[in-house]
Each structure stands twice: as C-alpha cells, then as structure tokens.
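Protein chains in written order, with my numbering: chain A, 415 to 495; chain B, 415 to 495; chain C, 873 to 1025; chain D, 873 to 1025.
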C-alpha cells in the first residue's frame, strides 16, 4: 500500500518537502507507519522518536490501523502559543 | 484631646454620618481610639471588632500613638474588586 | 483616556487609578507593551446578576479615596517587584456599576506567562483584603446592604 | 472583525480561530460578556526580543491548519466544561509575528475569578502540548530554527 504523509516544521525542513510517500505491506498500524518513515526516509530519523502520528484531525495511538484513504500527518513536538 | 474619625460604608450607615468626634485623655493609641469609639458611639459597636484604624493613608497597629493633627479613618472589612 | 490629572498615579511602569466612570480598559492595553514581555494578562471583575440566590440590581462602590489610591500604588509596586513585571495597571471604579460592567481592571506584563498569572491572582487577592473600597449590593427585591466580609480578619 | 468565514469556528459559547493577520483582540472582548459572569480574563502571548541570551528578530508560526483548528475547538470545549466557563475565545496567529505582537490570545468568563485564572493557565499549558502549531525562531545573527521542545514527550 502506498501512503502519503504530511510533514511540518522541522520534519518538512529535514525532508525538504511538505510530504513524503511510504510503501507498506497491507494496512499498517501507526507504529508501523513511523517505522516505514524511518527506513524509507532516513532524513527524518533524528526527529521521528519525538513525533506523533495524526490521522485526519486526530492524534492516533501506536496500534491504530491506517487505511488507504486516511490523511496522515507526522506531528513533531509542538511549540505554539 | 478631641479627634475626628472618618467613617465609611456600613460604619457610616450605622452612625448616620461620614465622621464622628471622640474625646480622649492625652494622645491615645489606636486601640484606645477604637475603645473610645465603642464607648462614645454605641451605634458602631457591632462593626467595630472587625474594623481597622488608618492614620492618613496607612493602616496602623494597635499600639500606634495618635497625635492631634492625624487624619483618622475607621476601616470596616473591605469588599472592593 | 481623558481624565482628571489629579486622580491618576503613574510612576514609571505602574498605573493605578480610581475613577467614577466606566473603565475604558481597552485604552489601557497599550501601556503594558514592552519588547521583552512575552506575556500580557488582564483580569476584569464585573457586576453579575446573581449572588448566591439573590438577584442583584446593581452594585455601588465607595472608597476612602486617597488611602485607596495609595494602597493600590503600594500593591502595584509590591506585585511588580515580587513577580518581575514590566508593567502593572490597576483601575477601580467607584459609584454605581451596572450588571455587565467592570468594577476593577488589572493588567500586567512579564517575560513569561507564569508570572503574569501569579501576579493577577495575587493582586486581586490582596486588593480584596487591603484596599479600602466597599461594595453595596442593591437587590432587585428593593433591599440593599454594605458588604463587610467577616472572615477576612 | 472582518474575516474569512471558513476559518472561523463558533459553536455557541466558543470561538476559536487561526488567522494570518494581527489579532484584533479588542474586538473579541465583547464576546465573553454574560450577565452571570463576574470575571473576565485575557492572556496574550507576545513575541519577545530575547530568548535566553539570543536576540530574536521575529517569530514565524506554521500549523497543520485543519487539525489545529479542530484541536483548539476540542480544547475550548474541554475548558468550558472543566471550569464552568460562560465563554471561551482562543485565537492563534500563524506566519510572521513581529516583536510586541500577539501570537495567541485566550479569553474566558466565569462566575468567579478562580475559574477564570485556572482556565487560562490550563488552556495555555494544554495548547502548548497538544495543538499542532510550530514556532520558528529567526535570530538577529541571521540563524533560524524550528522549535521542537524535546522534554514535552
């Protein structure tokens, strides 16, 4: 399965793009998405351990299953306010 | 000595005046002023135990000595804000 | 803000006032600005319709005016020192304060937000204990009374 | 306030927004009014000149915009419930925010002041942990960096 992941802030800067594509076997969990990001996009590896995954407008737990049409976003530690 | 004491809020209402006059022997302490108020103006007696005395713009302790030209004020529990 | 010069007390980074008209607090908000302030906070104490089970028609405030101004000034200075504030504003209105209007406005600025929040709370707590201003509740049933909290002393 | 309808989220007693222009917070202050509210509070987070020893030229904010709006809405609803607020306003600015201008404004009203103060602190603490908005520090020495606090997770 091919999935698109939105990138922001330091992650966008590290990857040089506002999104990346990952390839997974079947429907991955959120933690498998993070693993795939690390393997397929090494530029993100420094920031990944502190990132959370969001599907649509919500943070998801590591065992959440991602499906084909989900809008994924990699959320580095936030600093608004 | 004759002293003038400003009254406010519930004390003013109880006395029916925005000030009262007290007579003391010599220069009284603040606690003697409060005692004289109780004896010479019984209308204030309910509120007096919770009042503080101010001289000019400052609260004074009970042993503070009052002199002839001091501007005295009886300060009932405050409720601003 | 157009106001009687004599009623103002501005000392460097402090602005305290006791006024008889509505508090135009929006004109005060620029006072707290400072390039090193990361945090501005404002509190407004407003006349509300209900106190416990009674319906308030209006509140009316009276002050020992020179002493109250002096106490506000001391309070602002103490808060400024204690919480490292760049600016402190305290304005109290006296006379009738209708429902929905502010009887007191407190504003301050500091480097970080923790001090702003702590300062606003401390100023309000201290003001309600120390500053010689009194509130008279005018209830809708026609009765009225001066408020003299007995637990405070 | 003139603003793109689509960027607003107003649900009864809640107003959250993410905007690209200066926050005209004074036009927001009437929103929190309520005859039973005795307390209004406002917090402004403002770009400051210095962070530790470095001199900031400006801050720039980026958001996962739809998610950030949704998180602000959830945050406002949670605060409203938790602290019995009559109204909650949260507006965050994104893009460049020059020194002295507000990146975030939070306002609320409640019956008594304790809830107002608690709510403002809680909203800011939670916003800084949960809402997908990021700050980029642009220093006067020409360097710049995204801020990703590592201690938060």
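Just so it is clear, CB atoms sit at the ideal spot from N, CA and C, and this is done for glycine as well. Everything numeric in this text was worked out from a predicted model, so none of it was measured.
Item, Value
"Does residue 994 of chain C have its Cβ less than 8 Å from a Cβ in chain D?", "no"
"For the segment 1000-1012 of chain C, which residues have a beta carbon sitting closer than 8 Å to at least one beta carbon of chain B?", "1000, 1001, 1002, 1003, 1004, 1005, 1006, 1007 and 1008"
"Hey, does residue 921 of chain D have any beta-carbon neighbour from chain C nearer than 8 Å?", "yes"
"Where residue 905 of chain D and residue 991 of chain C are concerned, what is the direct C-alpha to C-alpha distance, given to the nearest angstrom?", "23 Å"
"May I ask you to list, following chain order, the residues of the segment 935-959 of chain D that have a beta carbon less than 7 Å from some beta carbon of chain A?", "936, 938, 939 and 942"
"Does the structure place the segment 942-962 of chain C close enough to the segment 978-990 of chain C that three or more beta carbon pairs sit under 8 Å?", "yes"
"Quick check for students: name the residue ranges of the alpha helix (DSSP H) that lie wholly in the segment 426-481 of chain B, counting only runs of 4 or more.", "444-454"
"Hey, does residue 471 of chain B have any beta-carbon neighbour from chain C nearer than 8 Å?", "yes"
"What first and last residue would you give for the alpha helix (DSSP H) that runs through residue 997 of chain D?", "985-1002"
"Roughly how many angstroms lie between the CA atoms of residue 965 of chain D and residue 933 of chain D, to the nearest whole one?", "7 Å"
"Rounded to whole angstroms, what's the CA-CA distance from residue 911 of chain C to residue 482 of chain A? Just pull it up for me.", "44 Å"
"Output yes if chain B places a C-beta closer than 8 Å to the C-beta of residue 1020 of chain C; else output no.", "yes"
"Ignore the nearest five residues each way along the sequence and tell me which others in residue 1018 of chain D's own chain have a CB closer than 7 Å to its CB.", "1006 and 1008"
"What residues of chain A sit near residue 975 of chain D, judged by a beta carbon separation below 8 Å?", "494 and 495"
"With 8 Å set as the bound, which would you pick, yes or no: does the beta-carbon of residue 984 of chain D sit closer than that to a beta-carbon of chain A?", "no"
"Excluding the 5 residues flanking residue 479 of chain B on each side, which residues of the same chain have their C-beta closer than 7 Å to its C-beta?", "441 and 443"
"Answer yes or no: do residue 487 of chain A and residue 419 of chain A have a C-beta to C-beta separation smaller than 8 Å?", "yes"
"Please check if any C-beta of chain E sits within less than 8 Å of the C-beta of residue 964 of chain D.", "The structure shown contains no chain E; its protein chains are A, B, C and D."
"Could you tell me the boundaries of the beta strand (DSSP E) in which residue 926 of chain D lies?", "926-935"
"Consult DSSP for residue 905 of chain D and reduce its assignment to one of helix, strand or coil.", "coil"
"Grab me the residues of residue 473 of chain B's own chain with a C-beta within less than 6 Å of its C-beta, minus the 5 sequence neighbours each way, in chain order.", "466"
"Can you give the Cα-Cα distance for residue 475 of chain A and residue 469 of chain A, rounded to whole angstroms?", "10 Å"
"Which residue's Cα is closest to the Cα of residue 974 of chain D: D/902, D/930, D/909 and D/903?", "D/930"
"Under the three-state reduction of DSSP, which class applies to residue 972 of chain D: helix, strand or coil?", "coil"
"Let's see if you can read the secondary structure: which residues bound the beta strand (DSSP E) around residue 1006 of chain C?", "1005-1011"
"Helix, strand or coil for residue 424 of chain B per DSSP?", "helix"
"Between the Cα of residue 437 of chain A and those of A/425, A/455, A/427 and A/490, spot the shortest distance and give me the residue it belongs to.", "A/455"
"Under 9 Å Cβ-Cβ, which residues of chain B neighbour residue 913 of chain C?", "Within chain B, no residue comes near residue 913 of chain C; the closest Cβ sits about 16 Å away, beyond 9 Å."
"Compare the C-alpha of residue 894 of chain D against each of D/918, D/887 and D/902 and name the closest.", "D/918"
"Of all Cβ atoms in chain A, is any one closer than 8 Å to the Cβ of residue 917 of chain D?", "yes"
"Report the residues of the segment 422-435 of chain A with a CB closer than 7 Å to any CB of chain D, ordered along the chain.", "422, 423, 424 and 427"
"If you measure from the beta carbon of residue 464 of chain A to each beta carbon in chain D, is any gap under 8 Å?", "yes"
"Between B/439, B/423 and B/426, which lies nearest to residue 416 of chain B when the distance is taken from Cα to Cα?", "B/439"
"Would you report the Cα separation of residue 901 of chain D and residue 896 of chain C, rounded to the nearest angstrom?", "12 Å"
"Could you tell me whether any Cβ in chain D is nearer than 8 Å to the Cβ of residue 898 of chain C?", "yes"
"Hey, does residue 448 of chain B have any beta-carbon neighbour from chain C nearer than 8 Å?", "no"
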